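These notes are about the structure you will find just below.
Number of protein chains: 2
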Amino acid sequence: MIEPIAAALLKPGALRIAQSDVAIPRLFAYHRALAQAEAAGKTVVTSIGLADLLGHTISSTQIRKDLSALGPLGRRGQGYAIKPLIDQLALVLGLERDWRIAIAGFGFLGHAFATFLAAREERFKVAAIFDNSPSVIGQEWQGVRVEDAASLEAALARVDAQIGVIAVPAAAAQAIAGRLAQSGVRALLNFAPVSLRVRQPVIVRNIDLAGELSILTHRLSFAQGYTN
Amino acid sequence: MIEPIAAALLKPGALRIAQSDVAIPRLFAYHRALAQAEAAGKTVVTSIGLADLLGHTISSTQIRKDLSALGPLGRRGQGYAIKPLIDQLALVLGLERDWRIAIAGFGFLGHAFATFLAAREERFKVAAIFDNSPSVIGQEWQGVRVEDAASLEAALARVDAQIGVIAVPAAAAQAIAGRLAQSGVRALLNFAPVSLRVRQPVIVRNIDLAGELSILTHRLSFAQGYTN
DNA sequence: AAATGTGAAGAGGTTCACAGCG
DNA sequence: CGCTGTGAACCTCTTCACATTT
């Protein structure tokens with residue numbers, strides 16, 4: 066089950082937790098870059114140094130604003146100690162616990178997502194995989210059996226996943242989303258190009274691959290500047 | 066090669082072309098919804114009706130603002146004629162021409178992307194596929210042969226792709242990006258969690274799957290509201 | 001001297017409220 | 001009267017500039 070507001074776990078001063086959806090991926094990028102820096106033996110970093118590590122995609126000012134919102138982590142004139150910074154970021158990002166993920170749709174996209182999770186993010190466990198194609202049901206993927214989507218409710222009653230990934234065709238997305246939500250899943254990552262309507266209080270995040278492509282084709286057609 | 070500014074192709078009045086990166090995916094969603102509505106036999110739609118079709122993810126005011134920037138497409142008191150609206154959206158989105166896409170990395174993610182393109186977006190042609198694994202090189206995917214990444218330059222000289230998709234491991238992403246850009250690719254969709262540095266004027270768009278997931282875990286941990 | 005932390009200014013995008021037209 | 005089109009208000013996020021601390 067989901068933990069309650071974890072404010073009690075936060076370090077003193079880190080009360081301004083609610084970060085906006087734009088800020089969170091930045092914090093995640095800091096976490097990733099700092100973990101690498103730490104693995105390389107570094108123990109301290111400045112906001113400018115971190116901007117360097119990030120390829121100057123984010124300004125040092127922005128980094129300081131983001132980090133100062135997490136609590137008193139820096140030392141003026143010195144920079145930030147990496148270790149406590151990583152810990153605090155992990156806490157705010159919700160990475161200090163494991164998450165169980167249910168993947169609905171085990172075509173190439175579902176498969177890609179599962180593989181990606183297994184390879185890179187060890188706090189995310191693929192707890193259940195569903196598909197409705199007889200040729201896929203029964204397959205094993207890293208010890209997880211692909212189950213018939215028809216028995217989704219029964220399977221989720223066993224494994225209790227918090228996050229669902231919707232990698233089914235658009236026409237099937239809404240129905241699956243509703244059933245996942247009904248079965249206790251509290252957050253959905255949706256790859257289908259439809260806006261999901263869910264009755265339960267569920268966090269939905271859409272990834273629209275075609276939409277991303279359209280940004281490129283638009284800018285290529287009316288090429289005004291080249292950045293990212 | 067890339068077309069020059071296509072302003073001459075635009076209907077009279079549609080001079081305010083440069084849409085922001087937030088607006089373009091909205092326009093794309095309109096295009097998708099309108100195409101469905103047209104297929105269902107509708108010929109006219111109001112901003113409120115379109116908002117309905119989109120599941121109220123976007124307000125009718127926002128829709129009117131977006132559409133009015135494309136030119137004089139609406140009729141007060143009546144709504145918008147669907148056909149010209151679709152045409153104009155396609156034009157602004159760069160969807161009136163075909164695009165050739167090179168996919169670098171044909172693991173599950175590259176495979177998923179290719180399949181997704183083939184299934185849903187017929188204006189996007191998979192023109193080349195590269196990988197460096199001997200077990201993948203030489204495979205055929207819908208008539209496209211997976212080529213050795215080592216011969217990327219030679220292959221791209223033949224097919225002239227405008228868009229590159231980077232679906233290789235993070236460690237290999239930068240090098241591949243540079244070679245794609247050097248070979249004439251003008252836009253990159255990057256799935257690797259690194260910020261690409263490219264010398265040529267290239268449009269880069271990053272999709273950070275882990276970052277998206279982190280939004281969910283953050284909000285689940287400090288569950289403040291459930292929207293979207 | 002060096003780097004953080006932050007109020008204030010700025011930029012960008014969305015919503016409001018209503019004028020304008022068919 | 002209905003629905004578009006749009007200036008103004010509003011809100012959110014980013015950048016600037018500098019006071020503050022080690």
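Which chain is which? The protein sequence lines are A and B, in order. Quick note: the first sequence uses our numbering, first residue 66, plus one each step. Quick note: the second sequence uses our numbering, first residue 66, plus one each step. Heads up, the beta-carbon is just placed ideally off N, CA and C, and yes, glycines get one too. The structure presented is a predicted model; accordingly, all values stated were derived computationally and were not measured.
Bounding residues of the alpha helix (DSSP H) (the contiguous stretch that carries residue i)
i, result
"V224 of chain B", "217-224"
"I113 of chain A", "112-118"
"D131 of chain A", "125-133"
"K148 of chain B", "147-158"
"G243 of chain B", "235-247"
"G175 of chain A", "173-185"
Where residue i falls, given that 16 or more other Cβ within 10 Å makes a residue buried
i, result
"L74 of chain A", "Because L74 of chain A carries a pLDDT of 45, less than 50, the predicted location of this residue cannot be relied on, and the following value inherits that uncertainty. Classification for L74 of chain A: exposed."
"Q207 of chain A", "exposed"
"P90 of chain B", "buried"
"D117 of chain A", "exposed"
"D196 of chain B", "buried"
"H176 of chain A", "buried"
"A242 of chain B", "buried"
"S85 of chain B", "exposed"
"S286 of chain B", "buried"
"G203 of chain B", "exposed"
"G106 of chain A", "exposed"
"E212 of chain A", "buried"
Residue range of the unbroken beta strand (DSSP E) whose run includes residue i
i, result
"A94 of chain A", "Here A94 of chain A belongs to no beta strand (DSSP E); instead the alpha helix (DSSP H) covers 88-104."
"G276 of chain A", "Segment 274-286 is the alpha helix (DSSP H) holding G276 of chain A; no beta strand (DSSP E) there."
"I202 of chain A", "Taken as a continuous stretch (DSSP letters only), I202 of chain A belongs to no beta strand (DSSP E), as it is neither H nor E."
"F189 of chain B", "189-196"
"R210 of chain B", "209-213"
"A167 of chain B", "164-169"
"A252 of chain B", "252-255"
"V263 of chain A", "Per DSSP, V263 of chain A belongs to no beta strand (DSSP E) and is neither H nor E."
"G229 of chain A", "228-231"
Closer than 7 Å to chain B by CB, residue i
i, result
"L80 of chain A", "Residue placement at L80 of chain A is flagged as unreliable, the pLDDT there being 46, under the threshold of 50; the coordinate-derived value follows with that caveat. Chain B, which has no Cβ nearer than 7 Å to the Cβ of L80 of chain A, makes this no."
"F195 of chain A", "no"
"G159 of chain A", "yes"
"G120 of chain A", "yes"
"I280 of chain A", "yes"
"T111 of chain A", "no"
"D86 of chain A", "yes"
"G206 of chain A", "Gly is not the amino acid found at residue 206 of chain A; the sequence shown has Trp there. By this cut-off, W206 of chain A is not an interface position."
"R251 of chain A", "yes"
"E186 of chain A", "yes"
"S260 of chain A", "yes"
"A105 of chain A", "no"
"T180 of chain A", "yes"
"I228 of chain A", "yes"
CB contact check: residue i to chain A, cutoff 7 Å
i, result
"T126 of chain B", "no"
"F173 of chain B", "yes"
"S216 of chain B", "no"
"G276 of chain B", "yes"
"I67 of chain B", "Note that I67 of chain B scores 40 on pLDDT, short of 50, meaning its location in the model is unreliable; the coordinates nonetheless yield the value given after this. Taking Cβ atoms only, chain A reaches closer than 7 Å to I67 of chain B, which makes this a yes."
"R284 of chain B", "yes"
"R270 of chain B", "yes"
"I151 of chain B", "no"
"I231 of chain B", "no"
"I89 of chain B", "yes"
"L177 of chain B", "The sequence shown places Ala at residue 177 of chain B, not Leu. Chain A contact via Cβ: present."
"A220 of chain B", "no"
Presumed contact (8 Å Cβ cut-off) between residue i and residue j, rounded CB distance
i, j, result
"V259 of chain A", "A232 of chain A", "V259 of chain A to A232 of chain A, Cβ: 13 Å. No contact."
"S125 of chain B", "S112 of chain B", "4 Å"
"R251 of chain B", "V267 of chain B", "6 Å"
"A226 of chain A", "A192 of chain A", "5 Å"
"I228 of chain A", "I166 of chain A", "5 Å"
"F256 of chain A", "L158 of chain A", "Between L158 of chain A and F256 of chain A the Cβ distance is about 22 Å, and since that is not below 8 Å, they are no contact."
"D131 of chain A", "A88 of chain A", "6 Å"
"L138 of chain A", "I128 of chain A", "In fact, because the Cβ distance is near 11 Å, the residues do not count as touching under 8 Å."
"L254 of chain A", "T282 of chain B", "With a Cβ gap of about 11 Å, L254 of chain A and T282 of chain B do not count as contacting."
"R141 of chain B", "W164 of chain B", "With a Cβ gap of about 36 Å, R141 of chain B and W164 of chain B do not count as contacting."
Query raised in the report: Looking at C-beta atoms only, is the number of pairs between the segment 174-194 of chain B and the segment 267-279 of chain A that lie closer than 8 Å three or more?
Result: yes
Requested in this report: Specify whether the segment 89-107 of chain A and the segment 133-151 of chain A touch according to this definition: at least 3 beta carbon pairs, one from each stretch, less than 8 Å apart.
Outcome: By the Cβ test, the segment 89-107 of chain A is in contact with the segment 133-151 of chain A, since at least three Cβ pairs between them sit closer than 8 Å.
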